[in-house]
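There are 2 protein chains.
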Amino acid sequence: MSGNSSITIRRARRDDVAIIVAMLADDPLGSGRERPEDPLPPSYYEAFETLDRNPDIQLVVAEEQGAVVGCLQLCILPGLSSQGASRALIEDVRVASQRRSRGIGEHLVQWAVAEARARGCKLVELLTHSTRVDAQRFYARLGFKASHVGMTVRF
Amino acid sequence: MSGNSSITIRRARRDDVAIIVAMLADDPLGSGRERPEDPLPPSYYEAFETLDRNPDIQLVVAEEQGAVVGCLQLCILPGLSSQGASRALIEDVRVASQRRSRGIGEHLVQWAVAEARARGCKLVELLTHSTRVDAQRFYARLGFKASHVGMTVRF
Numbered sequence: 004m005s006g007n008s009s010i011t012i013r014r015a016r017r018d019d020v021a022i023i024v025a026m027l028a029d030d031p032l033g034s035g036r037e038r039p040e041d042p043l044p045p046s047y048y049e050a051f052e053t054l055d056r057n058p059d060i061q062l063v064v065a066e067e068q069g070a071v072v073g074c075l076q077l078c079i080l081p082g083l084s085s086q087g088a089s090r091a092l093i094e095d096v097r098v099a100s101q102r103r104s105r106g107i108g109e110h111l112v113q114w115a116v117a118e119a120r121a122r123g124c125k126l127v128e129l130l131t132h133s134t135r136v137d138a139q140r141f142y143a144r145l146g147f148k149a150s151h152v153g154m155t156v157r158f
Numbered sequence: 004m005s006g007n008s009s010i011t012i013r014r015a016r017r018d019d020v021a022i023i024v025a026m027l028a029d030d031p032l033g034s035g036r037e038r039p040e041d042p043l044p045p046s047y048y049e050a051f052e053t054l055d056r057n058p059d060i061q062l063v064v065a066e067e068q069g070a071v072v073g074c075l076q077l078c079i080l081p082g083l084s085s086q087g088a089s090r091a092l093i094e095d096v097r098v099a100s101q102r103r104s105r106g107i108g109e110h111l112v113q114w115a116v117a118e119a120r121a122r123g124c125k126l127v128e129l130l131t132h133s134t135r136v137d138a139q140r141f142y143a144r145l146g147f148k149a150s151h152v153g154m155t156v157r158f
């Protein structure tokens, strides 16, 4: 889908699910929510099948020398506002902890922004936890503005 | 879909598009982005057809005595995080300016949260512009936490 000399972005496959879950779990906020067990709970594979069938959702991974080192989910959402322009939502951005600060996250997010634009979106949005100050700085560097408050209810 | 003595929530129809666009435009942030003309630009109807076909998106209106007085869009998004639980995104919440402060917005949002829960979501999220302090208070009253920073890029 996209690549430079060392990092390739490609659609996630079923056999990437375990490594993606491991990255989601290797995180102060994610560690309490995930179950990176072997074998993985089947709910992860069920969710993968559901999202993989959805043409408006792209779960992608960053690959470096054959290893999955990052992930990102991009959703393209139709809506009436902004004259009926679609918008894009970026979620679940992670980079493997031993590979951070090497431009992998930047590569993933820039891919997502370009893809959103190519799909006709006028807006790309994301929520980043208030405690993730480094993430906010990272997104600001890539052109995002901290224009909104992200509000959540968790059941 | 849901109702109390005076307000009914129902799925939006094609012939609601003009009134929804009028509500989106009747707003300090929306006024510069929308074209509530007669006839409406066809892009609005094209977007309506696209979202109306999507089983994971529900654009609903609040109706009071036969009049459309509010709207909300709910998206159900599959994903791997939180053990493969879907999450819900609420967007484009509006109440007609002459009908505010009468519980219509509350009714819409409570419908969306209940629907998200019924569809198996573990999380409901939304972005509200930093300047919409009243909206933030409103969502906090309905159980939302201002847990995240909402970041955006607009093209």
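Read top to bottom, the protein sequences are chains Y and B.
Going by this note's numbering, the first sequence opens with residue 4, and the numbers climb by one from there.
Going by this note's numbering, the second sequence opens with residue 4, and the numbers climb by one from there.
The beta carbon of each residue, even a glycine, is placed where N, CA and C say it ideally should be.
Every value quoted in this text rests on a predicted model; they were computed, and no experiment measured them.
Taking only beta carbons into account, state which residues of the segment 81-96 of chain B come closer than 7 Å to chain Y, listed in chain order. PRO81, GLY82, LEU83, SER84, SER85, GLN86, GLY87, LEU92, GLU94, ASP95
Would a check of beta-carbon distances place GLN139 of chain Y closer than 8 Å to chain B? yes
THR53 of chain Y by DSSP, collapsed to three states: which one? helix
Buried or exposed: GLN76 of chain Y, going by 16 or more other Cβ atoms within 10 Å of its Cβ? buried
DSSP on ALA15 of chain Y, reduced to helix/strand/coil? coil
Name, please, each residue of chain B whose Cβ falls closer than 8 Å to the Cβ of GLU37 of chain Y. SER84, SER85, GLN86
So the candidates are B:HIS151, B:THR11, B:ARG135; which of them puts its Cα closest to the Cα of ARG135 of chain Y? B:HIS151
Would you say GLY69 of chain B lies against chain Y (beta-carbon separation less than 8 Å)? no
Between ARG36 of chain Y and SER89 of chain B, is the Cβ-Cβ spacing less than 8 Å? no
How would you call THR158 of chain Y, buried or exposed, if buried means at least 16 neighbouring beta carbons within 10 angstroms? A small correction: the amino acid at residue 158 of chain Y is Phe; Thr does not occupy that position in the sequence shown. When all chains shown are included, PHE158 of chain Y counts as exposed.
When the cut-off is 8 Å and only beta carbons count, does THR11 of chain Y lie next to chain B? no
Close beta carbons around SER100 of chain Y, own chain, < 7 Å, minus the five adjacent residues each side: ASP29
Looking at the structure shown, is ARG97 of chain Y part of a helix, part of a strand, or coil, going by DSSP? strand
Checking the sheet assignment: what are the DSSP bridge partners for HIS151 of chain Y? B:HIS132, B:GLY153
Should HIS110 of chain B be flagged as near chain Y, meaning a C-beta pair shorter than 8 Å? no
Would you mind stating whether GLU52 of chain Y and THR11 of chain Y have Cβ atoms separated by less than 8 Å? no
Helix, strand or coil for ILE70 of chain B per DSSP? Correcting the residue type first, residue 70 of chain B is Ala in the shown sequence and not Ile. In the structure shown, ALA70 of chain B sits in a strand (DSSP, three-state: E or B).
Report the residues of the segment 13-35 of chain B with a CB closer than 8 Å to any CB of chain Y, ordered along the chain. VAL20, ILE23, VAL24, LEU27, GLY33
Is the distance from the Cβ of TYR47 of chain Y to the Cβ of GLY123 of chain B below 8 Å? no
Just by C-beta distance, which residues in the segment 144-157 of chain B are closer than 7 Å to chain Y? GLY146, PHE147, LYS148, ALA149, SER150, HIS151, VAL152, GLY153, MET154, THR155, VAL156, ARG157
Roughly how far, in whole angstroms, is the beta-carbon of GLY153 of chain B from the beta-carbon of GLY153 of chain Y, given that I think they are within contact range, below 8 Å? 4 Å
Test: LEU77 of chain Y CB closer than 8 Å to a CB of chain B: no
DSSP beta-bridge partners of GLN61 of chain Y: Y:LEU77
VAL127 of chain Y bridges to which residues according to DSSP? Y:ALA91, B:VAL156
Check whether the Cβ atoms of ARG13 of chain Y and VAL72 of chain Y sit closer than 8 Å, and answer yes or no. no
Starting from the Cα of ARG17 of chain B, find the closest Cα among B:SER34, B:ARG56, B:GLU40 and give me that residue. B:ARG56
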